[in-house]
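*Asks:*
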Amino acid sequence: MIPPPLPFTLYPKKSKTVLLFIVCLAFVAGGLWLGRKGDKVGWLCAGFFGLGIPVFLLQLHPKCSSLTVTEEGMEIRSLFRSSKVRWSDISDFGVSTLRQQGLPVNRMVGFNYSAAYQRASKARSVAKALAGFEGALPNTYGLRPEELAQLLAELHRQWSLKPAGSRQ
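Residues in the sequence shown are numbered consecutively from 66, following our numbering.
1) Given this structure, state the Cα-to-Cα distance separating Gly-115 from Trp-224, to the nearest angstrom.
2) Helix, strand or coil: which one does DSSP assign to Ala-181?
3) Return helix, strand or coil for Glu-212, following the three-state DSSP convention.
4) Just mark Ile-67 as buried or exposed, buried being the case when its beta carbon has 16 or more other beta carbons within 10 Å.
5) Going along the chain, which residues of its own chain have a beta-carbon closer than 6 Å to the beta-carbon of Leu-213, five neighbours each way excluded?
6) Excluding sequence positions up to five away, which residues of its chain have a Cβ less than 7 Å from the Cβ of Lys-193?
7) Going by alpha carbons, who is nearest to Leu-125 out of Thr-82, Pro-203 and Arg-184?
8) Is DSSP giving Gln-165 helix, strand or coil here?
9) Can you grab the Cα-Cα spacing for the pair Asp-157 / Val-88, in whole Å?
10) Is it buried or exposed, Leu-170, if we count other Cβ atoms within 10 angstroms and call 16 or more buried?
11) Would you check if the distance between the CB atom of Gly-100 and the CB atom of Gly-107 is smaller than 8 Å?
12) Could you compute how far the alpha carbon of Val-191 sits from the alpha carbon of Tyr-178?
13) Starting from Leu-75, trace the beta strand (DSSP E) both ways and give me its first and last residue.
14) Quick one: what's got a C-beta closer than 7 Å to Leu-220's C-beta in the same chain, skipping five residues either side?
15) Give the secondary structure of Ile-87 by DSSP, where H, G and I count as helix, E and B as strand, and everything else as coil.
16) Out of curiosity, what's the CA-to-CA distance linking Leu-97 and Pro-72?
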């Protein structure tokens, strides 16, 4: 995959968010129906899934989640919170498959930090034990995990060794 000109921003596909929003609505409706018939579990179900409704509505906002890639690194935006990771702080990218009871549940792009990066070492160790990588992207932004990992790895190779003054 040929990287687009920098900077560029990728946005998540909204179809999964819309589907989860509809699922929450259905469980809220079912819970309310059961609750009105006297089943206390119905009220719990409606309350729990009702919490998901504003979250999924927020995720539909265009500026809620994105991945912006620049010559310096990447800015990961999720639920309106941003974090930046410089290319020089990353050692490699790959694809992680999360499993539950041996079955694959989620595939995501993971990355490991460079040896020089010392922040949050305990949290990174836990993440590595659970997912095989010290960090991960919260979304694949409309690409297959392999495509996004390959794209970011190529950009990392291209920009991680260039001194800040020569990036043009």
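Where a beta carbon is used, it is the ideal one built from N, C-alpha and C, also for glycine. From a predicted model like this one, the values you see are computed outputs, not experimental measurements.
*Replies:* Considering the structure as presented:
1) 44 Å
2) coil
3) helix
4) exposed
5) Val-174 and Thr-205
6) Glu-199
7) Thr-82
8) strand
9) 36 Å
10) It is worth fixing the name first, because residue 170 is Val in this sequence and not Leu. Label assigned to Val-170: exposed.
11) yes
12) 14 Å
13) 73-75
14) Pro-68 and Val-134
15) helix
16) 47 Å
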